[in-house]
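Enquirer:
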Amino acid sequence: SLVHSYSKSFSGFAAKLTKAETEKLSGHEGVVSVFPSQLRQLHTTRSWDFIGFPQTVARATVESDVIIGMLDTGIWPESQSFNASGYGPPPQKWKGTCQSSSNFTCNNFDSKIIGARFYHAGQDLNDGETISPRDTEGHGTHTASTAAGNIVTHASLLGLAAGTARGGVPSARIAVYKICWTLGCSDVDILAAFDDAISDGVDIISLSVGGAPTDYFQDAIAIGAFHSMKNSILTSNSAGNSGPAAGTVSNVSPWSLSVAASTIDRKFATGVKLGNGRTYVGGSINTYEASRMYGLIYGGDALNRTSGSDSRSCGAGSLDRDLVRGKMVHCDGVSRGDVSGGQEPLAAGATGAIMTTSYTEDDAYPLLLPVSILTDAEGATIVEYINSTSDPTAEIFTTRDFVDNSSAYVIYFSSRGPNPITRDILKPDLTAPGVDILAAWSQATTVTGLPGDNRVVPYNIISGTSMSCPHASAAAAYVKSFHPTWSPAAIKSALMTTAHPLSVPDLPDASPVSRDQNPDAEFAYGAGLINLKKAANPGLIYDAREHDYVEFLCGQGYNATEIKLVTSKAVDCSDVGKKIHAWNLNYPSFTLSGKPEGTVKRVFRRTVTNVGKGHSKYKAKVISSKELKIKVNPKVLRFKDVGETISFRVTVKAKLKQSGIISGVLVWSDGSHKVRSPVVAHTLQ
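End of the sequence shown = 757 in our numbering, gap-free, step of one.
#1: Once DSSP output is grouped into helix, strand and coil, what is the label at V260?
#2: Going by Cα to Cα distance, which pick from T423, V274, P530 is closest to T137?
#3: If you follow the alpha helix (DSSP H) that T213 is part of, which residue opens it and which one closes it?
#4: For F624, which residues of its own chain have a beta-carbon under 7 angstroms away from its beta-carbon, when the five flanking residues on both sides are left out?
#5: For H687, report the span of its beta strand (DSSP E) as first-last.
#6: Assuming G187 and V248 make a contact with CB atoms under 8 angstroms, what is their CB distance in whole Å?
#7: According to DSSP, K250 sits in a beta bridge with which residue or residues?
#8: Enumerate in chain order the residues of its own chain whose CB-to-CB distance from G347 is below 8 angstroms, with the five nearest sequence positions on each side excluded.
#9: Three or more C-beta pairs under 8 angstroms: does that hold for the stretch 545-555 against the stretch 606-615?
#10: DSSP state of F125, grouped into three classes?
#11: Check whether the stretch 188-197 and the stretch 481-497 touch, using three or more Cβ-Cβ pairs below 8 angstroms as the test.
#12: What are the boundary residues of the beta strand (DSSP E) that F711 is part of?
#13: With DSSP as the reference, please indicate the residues paired to S514 in a beta bridge.
#14: Please report the straight-line C-alpha distance between A516 and R617, rounded to a whole angstrom.
#15: Taking 8 angstroms as the threshold (C-beta atoms), are L612 and T681 in contact?
#16: Out of curiosity, what's the CA-to-CA distance linking I293 and K302?
#17: Per DSSP, A753 is paired with what?
#18: With three or more C-beta pairs closer than 8 angstroms as the rule, is the stretch 77-90 touching the stretch 471-486?
#19: Residues bridged to Y352 by DSSP?
#20: Could you give the C-beta distance for E201 and T145, rounded to a whole number, given that I count them as a contact under 8 angstroms?
#21: Quick check on P442: buried or exposed, where buried means 16 or more other Cβ atoms within 10 Å of its Cβ?
#22: Are P560 and I305 close, meaning C-beta to C-beta below 8 angstroms?
#23: On the DSSP bridge list, what partners appear for N705?
#24: Going by beta-carbon coordinates alone, are R472 and A341 separated by less than 8 angstroms?
#25: Short check: CB of G506 to CB of S334, under 8 angstroms?
#26: Do the CB positions of W120 and S514 come within less than 8 angstroms of each other?
#27: To the nearest angstrom, how far is the alpha carbon of R731 from that of P591?
#28: Quick check: what's the CA-CA separation for L601 versus H555?
#29: Got a sec? Which residues, its chain only, sit under 6 angstroms from G387 by beta carbon, not counting five neighbours each side?
#30: Among I140, R678, H754, K564, which one has its Cα closest to the Cα of K667?
#31: What residue from G405, T470, S105, I203 has the CA that sits closest to L439's CA?
#32: Helix, strand or coil: how does DSSP classify H226 here?
#33: Measure the CB-CB distance between L230 and T359 and report whether it falls below 8 angstroms.
#34: Between which two residues does the alpha helix (DSSP H) holding E416 run?
#35: If the criterion is Cβ atoms closer than 8 angstroms, does the pair I426 and V344 meet it?
#36: How about P750 and S661: do their beta carbons lie closer than 8 angstroms?
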């Protein structure tokens with residue numbers, strides 16, 4: 073019944089067990105945890121310019137020695153984003169391989185892709201799956217090119233979002249670990265990929281995959297990321313696409329980076345014109361050329377009476393083919409998530425669909441046929457028009473892209489805090505571009521991947537925290553290229569403390585986000601929007617090593633036996649000095665929680681390391697509100713040398729509301745660096 077044995081980087085195995093066998097094994101000496109393998113789900117190039125990271129930015133000469141391990145759906149190696157040569161041999165630290173396959177080879181002597189593996193021990197595969205590292209879904213190709221794709225001019229999705237596509241670290245190497253298939257991504261395979269990636273010698277692991285948050289020792293991703301951290305590898309994770317509900321954030325371990333998704337300044341608009349001359353502008357990405365006016369029918373008037381369902385929103389099987397064929401159909405009251413590619417209108421023979429919703433759709437996406445998504449109010453006027461004439465007609469135009477200069481904000485679907493596992497650790501950690509991102513795509517699939525779509529493209533536009541995660545992975549690789557000896561925590565600290573603040577207008581370089589857009593504040597965007605240009609020179613860092621996380625785990629209630637089995641480190645959790653509360657982990661943010669309408673006070677202890685100028689003086693600046701009192705002691709940090717550490721205390725007193733969040737910020741500044749940390753108080757629910 074053995075499925076897989078993990079032995080390279082950590083100790084464990086996967087096996088098929090009965091319930092009785094599982095219970096017996098759980099109580100066996102030497103076993104820290106037994107948990108079922110879950111199927112997890114997968115959670116462009118204006119984005120880099122938008123966050124102030126131009127193609128001409130200063131780069132380290134050793135960027136090509138940095139290896140990003142992409143755990144995803146594989147890769148399309150023939151893409152222009154990966155097929156350039158001139159890289160020279162792989163870095164000497166590389167110990168990986170290109171797993172043999174009939175349809176996939178690596179030229180790892182002189183290429184970007186220096187290794188590729190695939191895993192499918194954790195699930196049965198569908199017929200037609202490509203058993204190789206080759207990507208037939210598109211997701212892995214998209215994320216890999218976002219992180220480390222070559223510079224490719226004239227990239228677009230059938231003319232939309234035209235420009236130069238590039239990864240954040242275009243000289244870096246890519247190691248591919250295909251863990252995801254049609255049905256999802258198995259924990260068994262995720263852990264196997266972690267085991268290999270650590271042994272192979274990658275520098276950063278990028279994992280745009282997640283599931284429901286669970287106990288750290290029951291979470292395959294948290295376990296894999298812990299062992300990565302032990303080996304000086306930062307794991308960059310997507311925060312999840314279950315927003316905007318509170319407490320939905322996933323991948324919340326403090327030793328990994330959790331990344332939310334925010335907008336960029338590129339938007340898409342799809343015009344609609346009715347037969348009476350009235351025009352509308354809606355969302356969606358329509359690559360089809362407008363041709364002429366078509367007859368227009370309301371979905372509610374085209375009921376398939378054998379379906380037993382309501383046809384107003386054009387649900388599956390609800391439309392009468394004879395009434396809809398050759399016409400535009402108006403679908404009313406479509407719920408979020410039900411705009412599923414326009415499958416029902418296409419199946420009914422419609423030439424296009426006007427869909428109306430009660431929510432604001434901030435992201436755009438391609439569909440199977442011409443579609444424009446409007447508001448319910450606009451939909452009501454369209455129904456009036458249909459009822460006012462015997463021959464209603466409509467036309468949907470090809471989508472156009474434009475620049476929107478409004479501030480960045482976190483998109484509705486991005487999962488929100490608070491951290492459901494450890495309330496006093498802020499998650500997500502930060503946000504990065506994840507909306508309407510253009511990047512490379514697999515040519516073994518189509519734009520939507522749905523039946524009826526015949527558009528095969530080299531670049532595609534999609535959205536998700538899966539897209540923001542590789543932006544952060546590239547940022548981590550960029551910092552690593554300048555500071556190869558920095559720990560994962562140091563790199564993470566540099567990214568968080570230099571992020572663009574999104575809610576502090578008192579700071580000159582802030583980009584204020586209205587509470588209407590992100591009322592959940594730091595629970596939406598963490599420390600702020602990633603800022604690569606400053607991350608390589610943060611001034612100060614909040615560092616943490618394996619022993620700090622071990623003491624954190626002691627403080628979380630894990631016993632010495634459990635911790636030793638996972639970490640291989642002997643620790644006495646009964647020793648008060650060997651355990652720390654979550655709020656005293658040397659984290660780059662400060663979080664406290666308490667009962668509704670109560671007052672909570674906490675003293676945080678932190679230590680910063682000087683990585684800026686040898687002789688420097690940092691002064692503390694606090695921005696808060698009357699409900700949040702923040703005191704820092706000492707208020708001035710004086711450093712004599714690079715690498716010197718100084719400790720300080722932050723006392724926070726908060727008068728909590730019935731629900732929600734109170735925010736402030738602590739800034740250490742020496743005149744040239746601003747080291748920012750969010751201070752967050754929230755109500756326990």
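Built from N, CA and C at the ideal position, the CB exists for glycine as well.
Expert: Let me lay it out:
#1: As a position in the sequence shown, residue 260 is number 188, starting the count at 1. Helix, per DSSP.
#2: The residue labelled residue 137 in the question sits at position 65 within the sequence shown. In the sequence on display, residue 137 carries Asp and not Thr. Measuring from the Cα of D137, the nearest candidate turns out to be V274.
#3: For the purposes of this step, residue 213 is taken as residue 141 along the sequence shown, with counting starting at 1. Per DSSP, T213 belongs to the alpha helix (DSSP H) from 211-220.
#4: Working through the sequence shown from its first residue, we reach residue 624 at position 552. Cβ neighbours of F624 beyond the five flanking positions: P326, I652, A654, L657.
#5: For this step, residue 687 is matched to residue 615 along the sequence shown. Unbroken run through H687: none, as it is neither H nor E.
#6: For this step, residue 187 is matched to residue 115 along the sequence shown. For this step, residue 248 is matched to residue 176 along the sequence shown. Correct: roughly 7 angstroms between the Cβ atoms.
#7: Taking the sequence shown and counting its residues from 1, one reaches residue 250 at position 178. DSSP output for K250 lists D144, F190 as bridge partner(s).
#8: Along the sequence shown, read from residue 1 onward, the residue named residue 347 stands at position 275. So the list reads M365, L368, Y457, T461, D463, P464, T465, A466, once near-sequence residues are dropped.
#9: Touching, per the Cβ criterion.
#10: Mapped onto the sequence shown, residue 125 falls at position 53. Here F125 sits in coil by DSSP.
#11: Cβ pair count under 8 angstroms is below three, so no.
#12: Numbered from its first residue, the sequence shown carries residue 711 at position 639. Its beta strand (DSSP E) spans residues 708-711.
#13: On the sequence shown, residue 514 is found 442 positions in, with the first residue counted as 1. DSSP, once it has assigned bridges, lists no residue as partnering S514.
#14: Translated into positions along the sequence shown, residue 516 becomes position 444. Translated into positions along the sequence shown, residue 617 becomes position 545. Spanning the alpha carbons of A516 and R617 requires a straight line of approximately 43 angstroms.
#15: Working through the sequence shown from its first residue, we reach residue 681 at position 609. Working through the sequence shown from its first residue, we reach residue 612 at position 540. The answer is yes: Cβ separation under 8 angstroms.
#16: Taking the sequence shown and counting its residues from 1, one reaches residue 293 at position 221. Taking the sequence shown and counting its residues from 1, one reaches residue 302 at position 230. Each residue's alpha carbon lies about 14 angstroms from the other.
#17: In the sequence shown, residue 753 corresponds to position 681, counting from 1. L664, I734, per the DSSP bridge assignment.
#18: At 8 angstroms Cβ cutoff, the stretches do not touch.
#19: The residue given as residue 352 occupies position 280 in the sequence shown. According to DSSP, Y352 bridges with V344.
#20: On the sequence shown, position 129 is the one that residue 201 refers to. On the sequence shown, position 73 is the one that residue 145 refers to. Their Cβ separation, rounded to whole angstroms, is 11 angstroms, which puts E201 and T145 out of contact at 8 angstroms.
#21: Numbered from 1 along the sequence shown, position 370 holds the residue referred to as residue 442. By the neighbour-count definition (other C-beta atoms within 10 Å, threshold 16), P442 is a buried residue.
#22: Here residue 560 refers to the residue found at position 488 of the sequence shown. Here residue 305 refers to the residue found at position 233 of the sequence shown. Yes; because the gap between Cβ atoms is below 8 angstroms, this pair is in contact.
#23: Residue 705 sits at position 633 when you count from the first residue of the sequence shown. Listed as beta-bridge partners of N705 by DSSP are R721.
#24: Translated into the one-based positions of the sequence shown, residue 472 becomes position 400. Translated into the one-based positions of the sequence shown, residue 341 becomes position 269. Going by C-beta atoms, R472 is nearer than 8 angstroms to A341.
#25: As a working note, residue 506 is residue 434 in the sequence shown. As a working note, residue 334 is residue 262 in the sequence shown. Against a cut-off of 8 angstroms, the Cβ pair of S334 and G506 comes out as a contact.
#26: Numbered from 1 along the sequence shown, position 48 holds the residue referred to as residue 120. Numbered from 1 along the sequence shown, position 442 holds the residue referred to as residue 514. No.
#27: If you number the sequence shown from 1, residue 731 lands on position 659. If you number the sequence shown from 1, residue 591 lands on position 519. The sequence shown places Ser at residue 731, rather than the Arg named in the question. Taking the straight line from one Cα to the other gives about 12 angstroms.
#28: Residue 601 sits at position 529 when you count from the first residue of the sequence shown. Residue 555 sits at position 483 when you count from the first residue of the sequence shown. Computed Cα separation, rounded: 22 angstroms.
#29: On the sequence shown, position 315 is the one that residue 387 refers to. Closer than 6 angstroms at the Cβ level, and outside the excluded window around G387, lie S381.
#30: Along the sequence shown, one-based indexing puts residue 667 at 595. Measuring from the Cα of K667, the nearest candidate turns out to be H754.
#31: On the sequence shown, position 367 is the one that residue 439 refers to. Per the C-alpha coordinates, the member of G405, T470, S105, I203 positioned closest to L439 is T470.
#32: Indexing the sequence shown from 1 puts residue 226 at position 154. H226: strand per DSSP, three-state reduction.
#33: Here residue 230 refers to the residue found at position 158 of the sequence shown. Here residue 359 refers to the residue found at position 287 of the sequence shown. Yes. Within cutoff.
#34: Locating residue 416 in the sequence shown gives position 344, where the first residue counts as 1. 415-419 is the span of the alpha helix (DSSP H), which, as asked, contains E416.
#35: On the sequence shown, position 354 is the one that residue 426 refers to. On the sequence shown, position 272 is the one that residue 344 refers to. Yes. Within cutoff.
#36: As a working note, residue 750 is residue 678 in the sequence shown. As a working note, residue 661 is residue 589 in the sequence shown. P750 is a Cβ neighbour of S661, given a cutoff of 8 angstroms.
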